[in-house]
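**Student:** One structure is given below, represented as structure tokens, and several questions about it will come after.
2 protein chains.
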Amino acid sequence: MQTQIASETISTKAVFVKMAISAWEGYNARVKKLLDELNDEHLVAETAPGRNSGVYLIGHLVAITDSLFPILGFGKRLYPELDKTFIESPDKSGLEMPAISELKEYWNNVNAKFSDHISQLPADEWFTRHNNVSEADFAKEPHRNKLNIIINRTNHTSYHLGQLVYLAKNKN
Amino acid sequence: MQTQIASETISTKAVFVKMAISAWEGYNARVKKLLDELNDEHLVAETAPGRNSGVYLIGHLVAITDSLFPILGFGKRLYPELDKTFIESPDKSGLEMPAISELKEYWNNVNAKFSDHISQLPADEWFTRHNNVSEADFAKEPHRNKLNIIINRTNHTSYHLGQLVYLAKNKN
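Each protein sequence line maps, in turn, to chains V and H. Residues 2 to 173 (my numbering) make up the first sequence, in order. Residues 2 to 173 (my numbering) make up the second sequence, in order.
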């Protein structure tokens, strides 16, 4: 009976993990599909007058996902040099940006490697502390775990996807 | 020992519920804050040229949250009449819309009642089947539970929040 309850615990965790990761993968698949549809001319345009350009938002999404590697214990980042232009500075900062073809390649590389790590992390590990919260704070706030990062960053991605779709015709 | 494992299960579930609901409440608080900042002139405007207006998106968000009441077993909907204009039809359909002041009131009413239901649902209940999935499908796909609806609709809200912020100055 004890084993049965313990395995139910594992199964419950696995279900949670699937819920959060399915949402992450689903929204990133929508970004990927949109990127495949948009040409360079679409992507250099502003998403709305005076607002962030497509190219800035793509760089921003790459940099944010890349920044999660050390936070989640997934090892070294691929493109830490993007932070200055795409996280620390706003669009039109005058800082040089990589070519759109390069940014699309970065997006693919970061997301592929991130998905690999995600798929390999055991369910239990997702409920452990991430590296942006101290052990003391985590003891008081156990919801500040690795999976919570995924939930929050999925919302961040969907927020900017809602803006990126304005670069395409007939999408709302 | 058995009790200890069982209570750990409950605690894990409670933590996960907190993660998903915090994200829902957080994004809805951001929508509320934005609504309080925007006047009627801002809200009748398009979020970008040729795109959905603020008023349409607000009606859409009210209608979507309202539609969750029966799906989650929270009882009767408050404003089912909004679906025709704000879910089944696109913006500029020619269908009459409620006044902006009314829509803001609807938004407050729906969200307040929804939050009440959320706060009263026991953690275990969140992992039960929602009413848009059959028992047979749920047996095969246990992640299609009530909490998953919250995770997915939070992403829906953040997607449209990313668009609604374009009605305000200096927000990205």
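Glycine included, each C-beta is placed from N, C-alpha and C at the ideal position.
1) Closer than 7 Å, Cβ to any Cβ of chain H: which residues of the stretch 87-111 of chain V, in chain order?
2) For a contact defined as C-beta to C-beta under 7 Å, what are the partners of H/LYS19 on chain V?
3) Any contact between the stretch 148-157 of chain V and the stretch 152-172 of chain H? By contact I mean 3 or more CB pairs, one from each, below 8 Å.
4) When we look at the beta-carbon of V/GLY76 and count the other beta-carbons within 10 Å, is it buried (16 or more) or exposed?
5) I'd like the span of the alpha helix (DSSP H) that includes H/LEU58, first residue to last.
6) For H/ILE150 versus H/ILE22, is the C-beta spacing smaller than 8 Å?
7) With respect to 7 Å, is the separation between the Cβ of H/ASN146 and the closest non-hydrogen atom of the ligand ADP below this value?
8) Which residues bound the alpha helix (DSSP H) around V/GLU42?
9) Give, in chain order, every residue of the stretch 38-56 of chain V whose Cβ lies closer than 8 Å to some Cβ of chain H.
10) So, at 7 Å on beta carbons, what are the nonlocal neighbours of H/GLN5 in its own chain, with the 5 sequence-adjacent residues on each side left out?
11) Could you check the C-alpha separation between V/LEU168 and V/PRO123 for me, to the nearest Å?
12) Let me see if you follow: with CB-CB separation under 8 Å, is H/LYS141 close to chain V or not?
13) Going along the chain, which residues of the stretch 57-70 of chain V sit with their C-beta nearer than 8 Å to a C-beta in chain H?
14) Looking only at its own chain, which residues have a Cβ that is under 6 Å from the Cβ of H/PHE87, when we skip the five neighbours before and after it?
15) Are the Cβ atoms of H/PHE115 and H/THR66 separated by less than 8 Å?
16) Straight-line CA distance for V/GLU136 to V/GLU142?
17) I want to know whether the stretch 80-94 of chain V touches the stretch 22-33 of chain H - three or more CB-CB distances under 8 Å.
18) Would H/ALA24 pass as an interface residue toward chain V - the criterion being a Cβ-Cβ separation below 8 Å?
19) State the DSSP-derived secondary structure class of H/ARG154, mapped to helix, strand or coil.
20) Let me know the alpha helix (DSSP H) ranges lying completely inside the stretch 83-129 of chain H, each 4 residues or longer, listed in chain order.
21) Compare the C-beta of H/LEU162 against all C-beta atoms of chain V and say whether one is closer than 8 Å.
22) Determine the closest residue to V/GLN164 out of V/LYS19, V/ALA46, V/MET20, V/SER12, with distance taken between C-alpha atoms.
23) Give me, in chain order, the residues of the same chain whose beta-carbon lies closer than 7 Å to that of H/GLU38; leave out the 5 immediate sequence neighbours on both sides.
24) Tell me whether H/LEU168 sits in a helix, a strand or coil according to DSSP, three-state version.
25) Which value, in whole angstroms, describes the spacing of the CA atoms of H/GLU106 and V/GLU82?
26) Alpha carbon to alpha carbon, how far is H/LYS14 from H/ASP125? Give it in angstroms, no decimals.
**Tutor:** Taking the definition as stated:
1) Look at the stretch 87-111 of chain V: it has no residue with a C-beta under 7 Å from a C-beta of chain H.
2) Here residue 19 of chain H corresponds to residue number 18 of the second sequence, with the count starting at 1. Contact note: H/LYS19 reaches chain V through HIS144, using a C-beta cutoff of 7 Å and chain order.
3) A contact exists between the stretch 148-157 of chain V and the stretch 152-172 of chain H.
4) Here residue 76 of chain V corresponds to residue number 75 of the first sequence, with the count starting at 1. When all chains shown are included, V/GLY76 counts as exposed.
5) Taking the first residue of the second sequence as 1, we reach residue 58 of chain H at position 57. Taken as a continuous stretch (DSSP letters only), the alpha helix (DSSP H) holding H/LEU58 covers 55-72.
6) In the second sequence, residue 150 of chain H corresponds to position 149, counting from 1. In the second sequence, residue 22 of chain H corresponds to position 21, counting from 1. No, the pair does not count as a contact, with Cβ atoms beyond the cut-off.
7) The ligand content of the structure shown is nil, which means the ligand ADP is not present either.
8) Locating residue 42 of chain V in the first sequence gives position 41, where the first residue counts as 1. Following the DSSP letters along the chain, one finds V/GLU42 inside the alpha helix (DSSP H) bounded by residues 41-45.
9) So the list reads THR48, ALA49, PRO50, ARG52, ASN53, given in the order they occur along the chain.
10) Within the second sequence, numbered from 1, the residue matching residue 5 of chain H stands at position 4. In this predicted model, H/GLN5 has a pLDDT of only 45, less than 50, meaning its place in the structure is not dependable; the value taken from the coordinates is given anyway. So no residue of the chain qualifies.
11) Locating residue 168 of chain V in the first sequence gives position 167, where the first residue counts as 1. Locating residue 123 of chain V in the first sequence gives position 122, where the first residue counts as 1. Rounded to the nearest whole angstrom, the CA to CA distance from V/LEU168 to V/PRO123 is 38 Å.
12) For this step, residue 141 of chain H is matched to residue 140 along the second sequence. No, no contact with chain V.
13) The stretch 57-70 of chain V vs chain H, Cβ under 8 Å: nothing.
14) Your numbering for residue 87 of chain H matches position 86 in the second sequence. If we look at H/PHE87 and ignore the five residues flanking it on each side, its Cβ neighbours are GLY60, HIS61, ALA64.
15) As a position in the second sequence, residue 115 of chain H is number 114, starting the count at 1. As a position in the second sequence, residue 66 of chain H is number 65, starting the count at 1. Result yes, Cβ atoms of H/PHE115 and H/THR66 sit closer than 8 Å.
16) The sequence position of residue 136 of chain V within the first sequence is 135, counting from 1. The sequence position of residue 142 of chain V within the first sequence is 141, counting from 1. Using only the alpha carbons, I get a separation of about 10 Å.
17) Remark: fewer than three beta-carbon pairs, one from each stretch, lie closer than 8 Å, so the stretch 80-94 of chain V and the stretch 22-33 of chain H are not flagged as touching.
18) The residue you call residue 24 of chain H lines up with position 23 of the second sequence. At least one CB atom of chain V sits nearer than 8 Å to the CB of H/ALA24.
19) Within the second sequence, residue 154 of chain H is the residue found at index 153, counting from 1. Correct three-state label for H/ARG154: helix.
20) Fully enclosed alpha helix (DSSP H) runs of 4 or longer: 84-87, 101-121.
21) Numbered from 1 along the second sequence, position 161 holds the residue referred to as residue 162 of chain H. Taking Cβ atoms only, chain V reaches closer than 8 Å to H/LEU162, which makes this a yes.
22) Position 163 of the first sequence, counting from 1, holds the residue named residue 164 of chain V. Taking the Cα of V/GLN164 as reference, the smallest distance to any Cα among V/LYS19, V/ALA46, V/MET20, V/SER12 is reached at V/ALA46.
23) As a working mapping, residue 38 of chain H is identified with position 37 in the second sequence. The beta carbon of H/GLU38 sits closer than 7 Å to those of ALA169, all from its chain and outside the five residues before and after it, given in chain order.
24) As a working note, residue 168 of chain H is residue 167 in the second sequence. Of the three classes helix, strand and coil, the one that applies to H/LEU168 here is helix, per DSSP.
25) Taking the first residue of the second sequence as position 1, residue 106 of chain H is located at position 105. Taking the first residue of the first sequence as position 1, residue 82 of chain V is located at position 81. Our two residues, H/GLU106 and V/GLU82, have alpha carbons roughly 46 Å apart in a direct line.
26) Taking the first residue of the second sequence as 1, we reach residue 125 of chain H at position 124. Taking the first residue of the second sequence as 1, we reach residue 14 of chain H at position 13. Approximately 7 Å, taken between the alpha carbons.
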